[in-house]
Structure formats: C-alpha cells, structure tokens
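Colleague:
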C-alpha cells in the first residue's frame, strides 16, 4: 500500500482545476481486458463469450454423471451437474470477479441474484446461532435490517460500532464474536475505516472480516491487500454501469470457499447467463468509466463547498474530510458517490424543493450507472452507535453527465429552496 502513497503526484493532465488526477490499480488495467477469455479452440471466434442458457445438463454416461455430481458437491471449478451450479458464461464471470477483486490472493467468487443477496448469504454462511457479529454503524441500510431481523431471529447478536474506532473495536469483541463486517466508505456518511488495522487485530483474535466494496470497486481498492477475508460486491452498480441488471458477488479466500459454496448451493442461489453476460460487458469499461465518475464527482463536490446553503460536503477525496489521510493511504481514487449536508435550518419542504427541481439529475435508489442521481437521506433510523446530529443530508451520484449540467440543476434547486417557507 505504501506504493500508492504518492499516486496523485504524477504528470497526468488535470482536466479540472482543483481535481486530482485519477489513478487506478495497474493489475486491474492489465487484467480487465484479458479476464474471462476462453483460450480453447472454437468453431467460431468472436470478441465476447456467448450466452449459455440452460437448466438441465446432459451427460454421456452414468459414470460421467456421477463424477460431475461429486465435483459439483465439492465446489470444484467449473463443475455443474445442474445449471444452478453454473454455465460457461457464469463461470467466466465468477472467475473474472475473483481475479479482479482479489488480485494475487488465491480466492473464489460466488454470484448471487443481488448485492443484498450476497450480503445475506455471506452472513448466513459464516455465522451460527449463539455467534456475535460486529457491524459498522454506517453499513448499507438493508444489511443492518437483515442483521437486526433475520440474524436476530436465528440467535445471532449484532453490535454496531463507530466506524471511526479503528482497531479499538477490539474492546467490543466477545468470546463468541465470529465476524467483523465493514463498509468503507460508510453508506451516506462516507467515513473511511482503518481497515488494515481492524483486519490485523481480527486475524490475531481469530475473527473473520468481511467488507462491502461497493463504493471503490477493485479499480480503486483491493481489500484483500488490506487483510480482509471476504469482500461483497454489488455487481448491479459500477460493474454493470448501465442500470439494467441486478447481481451481487462474494469473493472469499480460497480456504473459506467450501463454507460459502455450501451456503450458496443449499439455498439454490444462481444467476442467469444473460445477466452474467451484461456484467461481463460492463466490466470491460469499468476502469474508463471510473475516471469520469471521479472527475465529475469531485468537480461538483468542490463547487458545493462554496455554496452558502451547504454546511459541509462528505467526500473522502476532499482535504476537509476527517479521514482523508486514510483515503490517500488505502485508495487509488474516488468514485462518483458522495453526500452533502445542508444548513441545520433547512426544512423538509425545502429539501423536497431542492430534489424535485431537476433536469439532468434523476431521483432514484441505487447508483453506479451512467445516470446521475440525487437522494434525500433520512438516516436517523440507521444509526445507533453514531446518531446523526447534522442538518439534512443529500446523497449525490455523479454519472456521466457534464458536471456543469449537474451544477445547474443544483443551483436551480437551491433557488427553489428559497421560495419555500417551512
């Protein structure tokens, strides 16, 4: 990670004044084009893999069938006695996800129908009744609800911790603590955790670590280099990039694969070939798109810093961010997602006026596609260890729109705020 320290101190051109030049993981750039290629002989060769659609898998004889059943049960690579275990299309995507996310670390990936499905399956695979889970207080809201609901019903207790504690969360460990679940940056509030320190502490104490790597993707962060045991990815977002497919993945260290594989197989979790093909197509341009997302997001964020209606901007790449030093140490750049806090006297009606006055920004959940999105954030019910005490919070995803168009939308929204009486 020390090699990343001065990644912005280079001679790359700066497209916008005040916006640092973009860097990306060199291994990602090398691998993203070559990953998921079929090196074998083909009767017809095209640039992209074909889509395999299947349910039943056919065998030449009973002996072959029995061998494939055993291989599938054991989680061997590219083994499938039934298409829920995979097809050539989904195998290619799973292998590419593991390669790009884990880098040089031996790892395997399982594909899930959504990002939340990947989160839930990961927690179910490695936690049992009586176990204790430490979860970041700024985790993705549905992940919190799953822990408070489904996990609690099955006798698994969750403690939510302040994401700024770092390795001091060791004081929250119990003899029954099985996992620390991180998300960095945090959802909506964008705290950067000292993930390497947390992982080192957890490994010393025999506790597993999992992280949601939605914000950065492997272009900007390699969590396995920080020491995590598993990484959860919403492929729906930046990997797809086009807001037209739902999928998630969990990448685990090789030694943990049998446990994850059994959880996936026993719940019948699978993805279709068409959806996998869409993710394969989207991932080829991921690195290029992330450059634009970072550039556009930082330009808008710096503009918002100068607005009188804005109390502060929550963006890890800004020098004003409390954990900016951790971001510089651990990340290779920024995505297009950040938030800004309005002044405390702004009313709910004014927030609605801001978010409804739009020509280019869209109002909607999720993010990571080409579209730019705005979302008022009500996180009071999603924080316990770190209650939100600031003004109204707005989340913004800078897509591929020109930043000037987004700033014009926001300026019109600020004007609309002033015409509304609370």
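Numbering (my numbering), first residue to last: 1 to 422.
Yeah, the Cβ is synthetic: ideal placement off N, Cα and C, and Gly gets one too.
Because the structure is a prediction, the values reported are computed rather than measured.
1) Could you tell me which residues DSSP puts in a beta bridge with residue 133?
2) Just to confirm, are residue 159 and residue 133 a CB contact at a threshold of 9 Å?
3) Any idea which residues DSSP pairs residue 253 with across the strands?
4) Is residue 234 near residue 368, with beta carbons less than 9 Å apart?
5) Let me know the beta strand (DSSP E) ranges lying completely inside the region 37-97, each 3 residues or longer, listed in chain order.
6) If you follow the alpha helix (DSSP H) that residue 122 is in, where does it begin and where does it stop?
7) Any idea if residue 58 is buried or exposed, counting beta-carbon neighbours within 10 angstroms, 16 or more meaning buried?
8) For the region 325-349, which segments carrying the beta strand (DSSP E) assignment without a break, of at least 3 residues, lie completely within its bounds, in sequence order?
9) So what does DSSP say about residue 209, is it helix, strand or coil?
10) Quick one, which of 228, 219, 212 has its alpha-carbon nearest residue 201's?
11) Find the nearest neighbour of residue 437 within the set 46, 177, 224, judged by alpha-carbon distance.
12) If the criterion is Cβ atoms closer than 9 Å, does the pair residue 270 and residue 90 meet it?
13) What is the DSSP secondary structure of residue 374, reduced to helix, strand or coil?
14) Residue 143: which of 204, 170, 210 sits nearest, CA to CA?
15) Answer yes or no: do residue 286 and residue 248 have a C-beta to C-beta separation smaller than 9 Å?
16) Closest to residue 253 by C-alpha separation, out of 80, 94, 98, 81, would be which residue?
17) With distances taken between CB atoms, is the gap from residue 401 to residue 372 smaller than 9 Å?
18) Quick check on the DSSP output: the beta strand (DSSP E) that includes residue 405 runs from which residue to which?
19) Report yes if the CB atom of residue 281 is closer than 9 Å to the CB atom of residue 410, and no otherwise.
Modeller: In terms of the structure at hand:
1) In the chain shown, counting from the first residue as 1, residue 133 sits at position 133. DSSP lists 158, 179 as partners of residue 133.
2) The count along the chain shown starts at 1 and reaches residue 159 at position 159. The count along the chain shown starts at 1 and reaches residue 133 at position 133. The answer is yes: Cβ separation under 9 Å.
3) What you label residue 253 is simply residue 253 of the chain shown in a count that begins at 1. Partner(s): 107.
4) Residue numbering aside, residue 234 sits at position 234 when the chain shown is read from its first letter. Residue numbering aside, residue 368 sits at position 368 when the chain shown is read from its first letter. Yes, the pair counts as a contact, with Cβ atoms nearer than the cut-off.
5) none
6) Counting from one through the chain shown, the residue named residue 122 turns up at place 122. Segment 115-126, the alpha helix (DSSP H) holding residue 122.
7) In the chain shown, the residue the question calls residue 58 occupies position 58. It is exposed - the Cβ of residue 58 has fewer than 16 other Cβ atoms within 10 Å.
8) 337-342
9) Working through the chain shown from its first residue, we reach residue 209 at position 209. Three-state result, residue 209: strand.
10) Indexing the chain shown from 1 puts residue 201 at position 201. If we check each option's Cα against that of residue 201, 228 comes out closest.
11) The question about residue 437 has no answer, for the chain in this structure spans 1 to 422.
12) For this step, residue 270 is matched to residue 270 along the chain shown. For this step, residue 90 is matched to residue 90 along the chain shown. Taking 9 Å as the Cβ cut-off, residue 270 and residue 90 qualify as a contacting pair.
13) Taking the first residue of the chain shown as position 1, residue 374 is located at position 374. If DSSP states are grouped into helix, strand and coil, residue 374 belongs with the strands.
14) For the purposes of this step, residue 143 is identified with residue 143 of the chain shown, where counting begins at 1. Of the candidates 204, 170, 210, the one whose C-alpha sits nearest the C-alpha of residue 143 is 210.
15) Taking the first residue of the chain shown as 1, we reach residue 286 at position 286. Taking the first residue of the chain shown as 1, we reach residue 248 at position 248. Their beta carbons are not under 9 Å apart, which means residue 286 does not touch residue 248 by this criterion.
16) In the chain shown, the residue the question calls residue 253 occupies position 253. Among 80, 94, 98, 81, the Cα nearest to that of residue 253 belongs to 98.
17) Here residue 401 refers to the residue found at position 401 of the chain shown. Here residue 372 refers to the residue found at position 372 of the chain shown. Cβ distance < 9 Å, so residue 401 and residue 372 count as in contact.
18) To locate residue 405, count along the chain shown from 1; it is residue 405. Careful: residue 405 lies outside any beta strand (DSSP E), inside the alpha helix (DSSP H) at 403-418.
19) On the chain shown, residue 281 is found 281 positions in, with the first residue counted as 1. On the chain shown, residue 410 is found 410 positions in, with the first residue counted as 1. No, Cβ-Cβ distance for residue 281 and residue 410 is not below 9 Å.
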